[in-house]
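Here is the structure we will look at.
Chains as they are written, first to last, in my numbering: chain L, 4 to 48; chain B, 5 to 127.
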């Protein structure tokens, strides 16, 4: 295809907007920050 | 199809579930704000997605096949199937993708038993 070599940002590693995430209060923010979001290993199609 | 698909512990093929989202996924030909979408814009959006996936996964080895389900029906919607030449390349890519995000959504990656996409139908 013929497309200009415009600089486009990949969609990889674009996280959800903060408003879409569960908004932790400052009291629990530190605990929440320590958790890694996990994907269920047994996801079904 | 029971939808109870077999998930192998190792395979040269990765399945990235529901990763591609058409810009007109709510109403065909219309964007989420209700504005008509030019078919060329939808095509360009798809090609940008394909390019992103290709460039990210090319780091892990040669791909023999990269299929993106560009559909609006429920079945396999937006699934991406990546067939690498070697199982260990797929394993490295899977490891690298887990826990990451694409365009604001989590990437859901797993091995897939499919190696011949012409024969890839549920029976």
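Note that the Cβ used here is the ideal one computed from N, Cα and C, for glycine as well.
Output yes or no for whether 9 Å exceeds the beta carbon distance between residue i and residue j.
i	j	result
residue 65 of chain B	residue 97 of chain B	yes
residue 89 of chain B	residue 123 of chain B	no
residue 22 of chain L	residue 56 of chain B	no
Enumerate in chain order the residues of its own chain whose CB-to-CB distance from residue i is below 8 Å, with the five nearest sequence positions on each side excluded.
i	result
residue 25 of chain B	82, 107 and 109
residue 91 of chain B	14, 15 and 16
residue 34 of chain B	28, 40 and 41
Just checking my contact of residue i with residue j at CB under 8 Å: how many whole Å lie between their CB atoms?
i	j	result
residue 19 of chain B	residue 28 of chain B	That belief does not hold up - the Cβ atoms of residue 19 of chain B and residue 28 of chain B are roughly 24 Å apart, past 8 Å.
residue 105 of chain B	residue 19 of chain L	7 Å
Looking only at C-alpha atoms, which of the options sits nearest to residue i?
i	options	result
residue 102 of chain B	B/123, B/61 and B/36	B/61
residue 77 of chain B	B/53, B/38, B/86 and B/32	B/32
residue 15 of chain L	B/67, B/44, B/58 and B/37	B/58
residue 80 of chain B	B/87, B/88 and B/71	B/71
residue 84 of chain B	B/121, B/43 and B/48	B/121
Among the residues of its own chain, which have a CB less than 6 Å from the CB of residue i, if the five just before and after it don't count?
i	result
residue 53 of chain B	24
Sorted by chain position, which residues of the same chain lie with C-beta nearer than 7 Å to residue i's C-beta, five sequence neighbours on each side aside?
i	result
residue 117 of chain B	10, 12 and 15
residue 46 of chain B	26, 27 and 28
residue 111 of chain B	20, 23, 101, 104 and 105
residue 74 of chain B	24, 26 and 50
residue 36 of chain B	30
residue 87 of chain B	16, 17, 67, 68, 69 and 119
residue 48 of chain B	none
For residue i, which three-state DSSP category applies?
i	result
residue 114 of chain B	strand
residue 24 of chain B	coil
residue 70 of chain B	strand
residue 43 of chain B	helix
residue 18 of chain L	coil
residue 8 of chain B	coil
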